[in-house]
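Chains as they are written, first to last, in our numbering: chain A, 628 to 1289; chain B, 1104 to 1215; chain C, 107 to 627. Scroll down for the structure; my scribbles are underneath it.
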Amino acid sequence: MQNLWLIPALPFIGFLINGILGRKLSKAVVSAIAVLSVVLSFGLVVSVGLSSGWGEHPIHQHYFTWIRSGGVDIGWDFMVDKLTMIMLMVVTGIGSLIHIYATGYMAHEEGYYRFFAYLNLFMFFMLNLVLGANYLLLFVGWEGVGLCSYLLIGFYFVKKSATTAGNKAFIVNRIGDFGFSLAMFLIFITFGSLDFGKVLSAAPGKPVEVLTAIALLMLLGATGKSAQIPLYVWLPDAMEGPTPVSALIHAATMVTAGVYMCSRSAAIFLKAPIAMETVAIVGLATAVFAATIGLTQYDIKKVFAYSTVSQLGYMFLGVGVGAFSAGIWHLMTHAFFKALLFMGAGSVIHACGGEQDMRKMGGLKKYTPWTCGVLACASLAIAGVPGTSGFFSKDAILTAAYGHAPWMFWVGVVTAGMTAFYVWRAFWMTFWGEYRGGDAGHSHDHGHAHTHGHDDHAHAHNHSHDHDHDHGHSHSHDDHGHDHHGTPHESPWSMLAPLVVLAFLSLAGGFLFNVPKFLESMFPLHEEVPNEEMLMGVSIFAGLIGIALSYFMYVANKELPGKIRKALGGIYTLVYNKYFVDEFYDATVVRPIIEGSTEVLWHGLDQGVIDGAVNGAGTGSRSIGGVLKHLQSGNIRSYATWVVVGAVILLITVGMNGGLIR
Amino acid sequence: MDPQVLMQTLGKGVPTSWYLALSAVLFTIGVAGFILRRNIITVFMCIELMLNAVNLSFIAFAHEHRQVSGHLFTFFVMVVAAAEAAVGLAIILTVFKNRSTLNIDEIDSLKN
Amino acid sequence: MNLLDLVIAIPAIGFLVALIIPRVMEKITRLLVMGFALLTFVVSLGLVSGFQSGVNGLQFESNKIWIANPEIHYHVGIDGLSLWLIILSTFLTPIAILLSWKYVQHRIKEFYAFLLLLECGLVGVFAAYDLFLFYTFWEVVLVPMYFLIGIWGHDRRIYATVKFFLYTMVGSVLMLAAIIFLYTQAHTFDYAEILAQLGSGKIALDHGTETLLFLAFFLAFAIKVPLFPLHTWLPDAHVEAPTAGSVMLASVMLKMGTYGLVRFCLPMFPIAAKENAPWIVILAITGIIVGALVALVQPNMKKLVAYSSVSHLGFVVLGIFSFTQVGLDGAVYQMLNHGISTGALFLLVGFLYERQHSLAIKDFGGVATVAPWLSILFLITTLASIGLPTLNNFVGEFLVLQGAAQANFSWAVFAAFGVILSACYMLWMYQRVFFGALAHSVKHHVTDLSPREWACAVPLIVMMVWMGMYSQSFIPAISEANARILDRTAKAGLIKMTPHVAVNAGTSNFAPAGGGNAHAR
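So this is what it looks like as structure tokens:
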């Protein structure tokens, strides 16, 4: 019998040691503790997998009662089944690789111990999320990973843009959590329990309206955590965090929690067709929307961030059309290639001394051949080139979407084409051509940029873009603490080794792990769709077109992008500025709240009306006293007169009422 | 009033109502003096007058009801009046020393 | 003389001792007072270990005649509801004393004497079982707090104290009138006796009378809570109070109001309570949201935390008037949670004040660079306050919202907005104070925690984790007491039981039918 609690406990111990003592420990010890705790945890997962037939025989363990009151009885229970098993493998496996990578990437950073403590804490909460056997424990992990995301995005806490991005992430996620918690209340009211087992087995018998409400509220939660429309806005900003964080949290694991939750709750979603349709549409819309933004960005991490949003949209499309296992499959392959993309980007940034603007890169393939190679693998995978991991999972989702509604398939294919285009655009801009950086300290504004024809137009419109990063736009986004060495250089092996492993998985992951087959007992395989070969061909074709187009525009004919930009004019500006969604939210939500609270609620209601009434009562009594005080003249004779008058009035009153009654 | 009846009545002693009338007259004089006069000594004497008016009615009622408690009250009032006279005159002297006036309208420092 | 009497008596004796110590012996005063407070705490722990679950009625009861005519008893005792609030008081008093070790430099012995008197009054309020005695302790609490703010407060302290005093007096005078009315009906001040008479119908209140009595009690408690819109004394009082005063005020004194609602309003006037619940809940939810929104834009840290208290206490009131076991348990648990986490917030804000001599958020920035441990403890407290799971507030908020959802789902929807907003105002403040570039004055004045400050903060942090992770140490006792109260309200034809709530009620520890006699000896 395996002790499941050890799986999250190990990273937690790492967190405690590094968090409390880390400042006094050497970097080697800190990284040893951090990496070992996660690798050991991975080992435990594997051994649990081996002993349980990889989730074939589900394990359920109860540790202690957490909350009990009235009918609420929440235990700290962990469970492992096949779905959990996949998540566990992804989280601990990729987590281990990223921890190793981070020891190299963060080697020269201040607060090294702090970084690894947070990273370990993240692993703890993420494992809690996937192991929890009831919704509340899922929620514990859900909020906990949000916390770690907040801490790690704001890791460079001296930088205002970083901490603001952290706040934004936490608060936007809170809006999602609002939905999730309401879903939990409704689940409890409907089912009298929050245990997955009890809830999901009883779900088919419950009224559709209630299940729809639950599913939609959960979707709200998922749009927060998994960065879907309308709550995706935090994820691009989250790139303020160090790159390993982007890879681990904002690409491979945490942001996929929404997909996991929806798949876990499949029994509820399947009974709520309206909710399913909503999930599919939200996913699809996000996929297209984010992909178009990705086409225009120059910050290499931003490109991948929008790509992540878009790919998460794909996963939701899969879930929404009922292909849960395809969604999970894409979750896994995406974890491989997107983690790789980010870590590769990190390696590139590392090589360029902290530069993230692709216009200042170029020609890196001769300086960093390994990075170039692994990034090519990842880019092939995300473009869905046949044989790579991304091809299998994306095809599974698109086929299922076709079975659900053909238009969804076509929109998905267009998105796939765009995805291939912008990822390869980033690839060409980074590795092909001539190196355009190197003159450190030179701002990339104006004259300098003109010589390259890439961005002759962009700067006319990017004041709002600059506004997002009041600090350091002209130098490092990442504050990656390297001196600029003049020429780019390859990263150390501690960084490259994990990349190579992931490159292998990106290419072969689809062959090696056939998730739909594995999950067949939980989610029945999707029915066959006619013309499957044709559909496959179309999606492959879209991907190849995207790659070819990007080559044509960014390698073969470099003048073209500028011309297209000019031709598009306003539309380009709109997309380049991310459809001004942040500005829109700022104007319609943030400002009204802040100003309304200040002027109306605080100064108006609290200080004006309520305190006005209170102080008014005070001044009122004072002014009454002010009138009455004139009676006190100090003149004894007038006092005596009052006494006499009073006595007379008293006598008259008594007399009029018939005298004293005996 | 008919002399016959008067004699008859007086034969039984002076009626209580006469005492009460006298008491009322004395009291009214006291009140009027208290309100109208400005000299503090006069005011003081008016207070004494009122006290004595009350004493008179006490005695009258005590006689009427053949009870001793009226006398008791009278003694109390007399003791208090005596004490008051002592303290009051002392205060008046001090006031006069400080302000060189006995006009009650000029002594209004209780105000405000 | 049982343990409970001791817990009330020791601070009172300490108060007198502190008064007669010569003024010059400052150090001895401090140590002695600390000794008394710690002794009280240790003795009060005896209450926990001696507390038996499943006992129907009061424990550690003590009943003596105090005034013969009219008959007023010194009648004290505890159940699960009072137990933890008393522990909270005795737990926080030593911390309050320790944290003002350096902060208070003039009139030292009066300061500490007042703290002990405050403790005595608080324990008395939570233990009293005679309405007159309750009222006495209720007012006793007011006096030391009046002086703590008025003498050791900041610049506008006089305005704040007068406002605080008058606000509270208005309510408590009405409560006194209601108590006297009850006396004229029941011919006793003994609460158990009155409850029994109300339950058995010996005192028959007509509908209007019951509503008026309920409102009289309710107003007194609502001001103390404070329930929107009666809350405006709180921000002023907090901003002006010395740190120890803020801690005691926020952590324990506000709980007198919510305690009163649960202890007196619900059992005595169940029908009126239920009839008035809808608008009370609306006020509570308004308080949650308005308090949070106003907190969002406060430029002063203490004011921000004070408004956050308005918001948090709204949750407690919401839970109480949901009339569900879950909601009520959550409300009582949330009282304790708020005591711990908001107390800790005031404590840490006080530490910042002692360094920078300012409470304005704009005077800070980059504190995390120079004082990492202070920042970490503040972060943990912040997270507790915004209800992060595994820390204490989450458990309470979850139960309250669950209870509210069971009573009326839309209540939970609106109240849950408060959870979103709490993250906004706390994190925004945290960012502006602790993150960002190091401000010049911060660099020169702010240092990390001293051992004394560690000693103040760590117990609170430990409690946050304990209460967040293992609520079973606390909730069962609370549940039992609440079940009895709900049983009473249900008997009065109160709860409209939806089918599944009925099922839940069946599985919970509802006490055997005790009805009106549940509290009688």
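Note that CB positions come from ideal geometry on N, CA and C, so glycine has one too.
Counterpart residues of residue i in DSSP-defined beta bridges
{"i": "Thr692 of chain A", "result": "A:Gly702"}
{"i": "Val1271 of chain A", "result": "Val1271 of chain A pairs with nothing; no bridge assigned."}
{"i": "Asp984 of chain A", "result": "A:Asp926"}
{"i": "Tyr180 of chain C", "result": "C:Lys170"}
{"i": "Val123 of chain C", "result": "The partner list for Val123 of chain C (beta bridge, DSSP) is empty, contrary to what the question assumes."}
{"i": "Ala234 of chain C", "result": "C:Val182"}
{"i": "Gly493 of chain C", "result": "None, per the DSSP bridge assignment."}
{"i": "Gly641 of chain A", "result": "According to DSSP, Gly641 of chain A bridges with nothing at all."}
{"i": "Asn382 of chain C", "result": "None; Asn382 of chain C has no bridge partner."}
Three-state secondary structure (DSSP) of residue i
{"i": "Gly163 of chain C", "result": "coil"}
{"i": "Ala174 of chain C", "result": "coil"}
{"i": "Asn1206 of chain B", "result": "strand"}
{"i": "His687 of chain A", "result": "strand"}
{"i": "Gly768 of chain A", "result": "helix"}
{"i": "Asp1105 of chain B", "result": "coil"}
{"i": "Pro117 of chain C", "result": "helix"}
{"i": "His1096 of chain A", "result": "Because the pLDDT of His1096 of chain A is 39, which lies under 50, any placement of that residue in the model is unreliable, and the number read from its coordinates should be weighed accordingly. Coil."}
Under 8 Å between C-beta atoms of residue i and residue j
{"i": "Thr68 of chain C", "j": "Ser415 of chain C", "result": "This structure leaves residue 68 of chain C out entirely; chain C is present only between 107 and 627."}
{"i": "Val580 of chain A", "j": "Ala907 of chain A", "result": "The structure shown does not extend to residue 580 of chain A, since chain A is modelled only from 628 through 1289, so no value can be given for it."}
{"i": "Met881 of chain A", "j": "Leu944 of chain A", "result": "no"}
{"i": "Ala953 of chain A", "j": "Ile895 of chain A", "result": "no"}
{"i": "Phe421 of chain C", "j": "Val506 of chain C", "result": "yes"}
{"i": "Phe751 of chain A", "j": "Pro869 of chain A", "result": "no"}
{"i": "Lys654 of chain A", "j": "Tyr739 of chain A", "result": "yes"}
{"i": "Ala874 of chain A", "j": "Met970 of chain A", "result": "yes"}
Of the listed residues the options, nearest to residue i (C-alpha basis)
{"i": "Gly806 of chain A", "options": "A:Lys928, A:Ser828, A:Val785 and A:Phe766", "result": "A:Phe766"}
{"i": "Val707 of chain A", "options": "A:Pro900, A:His689 and A:Ser723", "result": "A:His689"}
{"i": "Ala477 of chain C", "options": "C:Val358, C:Phe238, C:Ala545 and C:Val368", "result": "C:Ala545"}
{"i": "Thr1046 of chain A", "options": "A:Gly973, A:Ser1260 and A:Ile1167", "result": "A:Ile1167"}
{"i": "Tyr459 of chain C", "options": "C:Ala174, C:Leu480, C:Phe220 and C:Tyr576", "result": "C:Leu480"}
{"i": "Leu187 of chain C", "options": "C:Tyr252, C:Leu497, C:Gln303 and C:Val229", "result": "C:Val229"}
{"i": "Arg1264 of chain A", "options": "B:Met1148, B:Ala1189, B:Gly1136 and B:Lys1200", "result": "B:Gly1136"}
{"i": "Val149 of chain C", "options": "C:Asn499, C:Ile193 and C:Ala398", "result": "C:Ile193"}
{"i": "Leu88 of chain C", "options": "C:Phe238, C:Tyr297 and C:Tyr252", "result": "Absent from the model: residue 88 of chain C. The displayed extent of chain C is 107 to 627, so no value can be given."}
{"i": "Leu340 of chain C", "options": "C:Phe271, C:Leu367, C:Val571 and C:Pro582", "result": "C:Phe271"}
{"i": "Pro834 of chain A", "options": "A:Phe818, A:Asn747 and A:Val1040", "result": "A:Phe818"}
{"i": "Leu288 of chain C", "options": "C:Val276, C:Ser306, C:Ala310 and C:Val268", "result": "C:Ala310"}
{"i": "Ala343 of chain C", "options": "C:Asn514, C:Lys468, C:Leu355 and C:Arg594", "result": "C:Leu355"}
Buried versus exposed call for residue i [16 or more other C-beta atoms within 10 Å across all chains shown]
{"i": "Gly1173 of chain B", "result": "buried"}
{"i": "Ala474 of chain C", "result": "buried"}
{"i": "Asp1072 of chain A", "result": "The predicted model places Asp1072 of chain A with a pLDDT of 37, which falls under 50 and marks its position as unreliable; any figure quoted below should be read in that light. Asp1072 of chain A is exposed by the Cβ-count criterion."}
{"i": "Met866 of chain A", "result": "buried"}
{"i": "Val1117 of chain B", "result": "exposed"}
{"i": "Pro495 of chain C", "result": "buried"}
{"i": "Trp956 of chain A", "result": "buried"}
{"i": "Leu813 of chain A", "result": "buried"}
{"i": "Val1281 of chain A", "result": "exposed"}
{"i": "Thr1310 of chain A", "result": "No information on residue 1310 of chain A is available, as it lies outside the stretch 628 to 1289 that chain A covers here."}
{"i": "Ala878 of chain A", "result": "buried"}
{"i": "Gln537 of chain C", "result": "buried"}
{"i": "His1096 of chain A", "result": "In this prediction, His1096 of chain A has a pLDDT of 39, which is less than 50 and means its spatial position is unreliable; what the coordinates show is noted afterwards. Buried, since its Cβ has 16 or more Cβ neighbours within 10 Å."}
{"i": "Gly397 of chain C", "result": "buried"}
Chain-ordered neighbours of residue i on chain D, where CB pairs are closer than 9 Å
{"i": "Ser1212 of chain B", "result": "Included in the structure are the protein chains A, B and C, with no chain D among them."}
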